[in-house]
Amino acid sequence: MKVNKVKQRKMKMAFGKGETGKNIIMKKYLGKGNVILSSKEAESLLGVIRKLNPSKEEIYLAGILMAKYTQEGHDSKKDFPIYFFKGRDISKPKGHESERWNAKNKKTLIIKKEDIEVNKLVDNIINKKGK
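Residue numbers (numbering that gives the first Met the number 0): 0 to 130.
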């Protein structure tokens, strides 16, 4: 899958899945100050907040979207951990042409299961009104 763009509550994000989508995001934001989010699972979704210096609330909202759109976040019965770091903190190990990337200064954000469920509920209500 290529990169998908999402605009929700005036916050722009891009998501990448699979080797191609993740590499597109990592190469585009390598060395930049944008916040990148990743779940613990290597095969899962990768997201980037396009706005520089997002607030803690914006990072948490982006984490909710990540958890909502990943299979393991969607199926999880408990709170969901997500890593986040800045584009300037990523590097590609020498000799690795695959989707392997290193991130220093990686922080963990715990997304509450209730917040994921509430976000899904709000989306369902909005989608029903639009039909």
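For glycine and all other residues, C-beta sits at the position ideal for the given N, C-alpha and C.
Keep in mind that this is a model prediction, so the values were computed, not measured.
query                                                                                                       : result
Residue environment, G32, which counts as buried when at least 16 other CB atoms sit within 10 Å            : exposed
Through-space distance from G94 to L131, alpha-carbon basis                                                 : The question about residue 131 has no answer, for the chain in this structure spans 0 to 130.
N104 vs K91 beta-carbon contact at 9 Å                                                                      : no
Sequence-distant residues of the same chain with beta carbon closer than 8 Å to K77, five excluded per side : K112
For K67 and F83, believed in contact at Cβ under 8 Å, the rounded distance                                  : Contact flag wrong, Cβ pair sits at about 16 Å.
According to DSSP, residues forming a beta bridge with A61                                                  : According to DSSP, A61 bridges with nothing at all.
Limits of the alpha helix (DSSP H) - the one that T19 falls within                                          : G17 to Y28
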